[in-house]
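Below is one structure, written out as structure tokens; the observations come after it.
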Amino acid sequence: MTSKEITLFRENLLTWFETYHRKLPWRETEDPYRIWVSEVMLQQTQVKKVLEYYQKFVSKFPDVKSLAAAPLQDLLKTWEGLGYYARARNLHKAAQVVIRDLKGKVPADYAAFRELPGVGEYIAAAVQSIAFNHSYAVVDGNVKRVIARLFLINAPINQSASGKVFQEKADLLLDHTAPGIFNQAMMELGATLCRPQSPTCVICPVNTGCRAFQTARQAEFPVRRKSKPLPEYHIVAGVIHKSDRILITQRKLEGLLGGLWEFPGGKIWEKEAAEQACSRAIREETNLLVEPIEYLTRVKHTYTHFKIVMDVFHCHYRSGEVVLNEAVDYRWITVDQIDQFPFPRSNHKFISLLTQGKEDSNE
Ligand code: SF4
2 MTSKEITLFR
12 ENLLTWFETY
22 HRKLPWRETE
32 DPYRIWVSEV
42 MLQQTQVKKV
52 LEYYQKFVSK
62 FPDVKSLAAA
72 PLQDLLKTWE
82 GLGYYARARN
92 LHKAAQVVIR
102 DLKGKVPADY
112 AAFRELPGVG
122 EYIAAAVQSI
132 AFNHSYAVVD
142 GNVKRVIARL
152 FLINAPINQS
162 ASGKVFQEKA
172 DLLLDHTAPG
182 IFNQAMMELG
192 ATLCRPQSPT
202 CVICPVNTGC
212 RAFQTARQAE
222 FPVRRKSKPL
232 PEYHIVAGVI
242 HKSDRILITQ
252 RKLEGLLGGL
262 WEFPGGKIWE
272 KEAAEQACSR
282 AIREETNLLV
292 EPIEYLTRVK
302 HTYTHFKIVM
312 DVFHCHYRSG
322 EVVLNEAVDY
332 RWITVDQIDQ
342 FPFPRSNHKF
352 ISLLTQGKED
362 SNE
């Protein structure tokens, strides 16, 4: 693109955004903390889903101070179902750093902000540009798709080595007089018109400068590297009943689903029956002797890097004291107390069966 074309591109994009942008709650605020929260939530998550969580989150934790002071469990409970829980744990740690070392102020400086836990290039560029109008171009999945089509870029968008190519083009296009609005406009264009399937090119404000549109090659871009099929693991979980209580355990604070609670269990070995695996895995994980007495259900769930098929059993507690192997904490709770703890989505897929049973028996 020539500099004249770039100027026209910026003007057309910003004019379109001013009229057609979606009204989203995080666009109604100038508070860097709230903009930060929204950008953390929006990473790898659809706007529709974030809308369910954002208001609840900022009502409960209205500022950095309240977030830093909150117990991690409260934060995870509010985040429950949004996924990628490391985002929540890092946001919590970062809020504590801001209170402890930065006088409670979100840094209006890219380098200082980038040093906070969980703040990568995307979050740093988004918050610094939107909250402070600093000139950093944001590159997320939507922006990559737009750029790939505008410039017919062959580098696969799902390969980290391609990042530089997209960043260079985003830097070239960035409007330095209004970087925050410009970044939001680029992301909005990708989310609403330049969609993965059937982009709405006829009404696109930048179609005159789009090489994919001009050559009718929109469907060929962006290019993706074929990813390998995800491995699938067969696992078991047990709802262990001891009088009117059931056992839940808490995962280590770091790593996948860190800090969340779950029903104990583990992987099924080759040629092992699911019931057998259930009592063995629970013994290994908690030191308890249990007996699976009733098949509850099968749950399927897909994580970013693998899939699980989980068979869930009701189990009788037989003997033993809880000694934890992997988990960091445990509780014997009543079914009514389940709601007080944050669980992964895979567990929620059968928790409803437990709580339903409870409601039915109360009728
Ligand atoms: Fe995307 Fe079509 Fe606009 Fe090009 S013209 S940026 S392909 S919506």
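For reference, each letter of the sequence shown is one residue, going 2 to 364 in the numbering used here.
Using N, Cα and C, we set each Cβ at its ideal position, and we do this for glycine too.
In this structure, L153 has its CB at a distance of at least 8 Å from all heavy atoms of the ligand SF4.
Burial state of S244 is exposed, judged by a 10 Å Cβ sphere holding fewer than 16 other Cβ atoms.
If you look at T303, you'll find it in the beta strand (DSSP E) that goes 290 to 303. Cβ-Cβ separation between L254 and P345: approximately 14 Å, too far for a contact (criterion under 8 Å).
Placement of the Cβ of A213 at a distance of less than 8 Å from at least one heavy atom of the ligand SF4 is found. Excluding residues up to 5 positions away in sequence, F18, H22, R28, I131 lie with their Cβ nearer than 8 Å to the Cβ of Q185 in the same chain. Membership of L248 in the beta strand (DSSP E) is indicated by the continuous run 246 to 251. For A113, the enclosing alpha helix (DSSP H) starts and ends at 111 to 115. Here K57 has T79 as same chain residues with Cβ atoms under 8 Å from its own Cβ, once five neighbours each way along the sequence are excluded. Around the beta carbon of Q160, fewer than 16 other beta carbons sit within 10 angstroms, so the residue counts as exposed. Closest option to A70, judged by alpha-carbon separation, among E40, E327, G105, V38: G105.
One Cα belongs to L174, the other to A274, and the distance between them is close to 59 Å. With contacts defined as CB atoms closer than 9 Å, C316 and H242 qualify as a contacting pair. By the criterion of a C-beta distance shorter than 7 Å, P197 is surrounded in its chain by R146, once the five residues flanking it on both sides are discounted.
As DSSP reads the structure, G267 sits in a beta bridge with V237. Counting C-beta pairs with one atom in each stretch, the region 296 to 308 and the region 332 to 351 have three or more that are closer than 8 Å, which means they touch.
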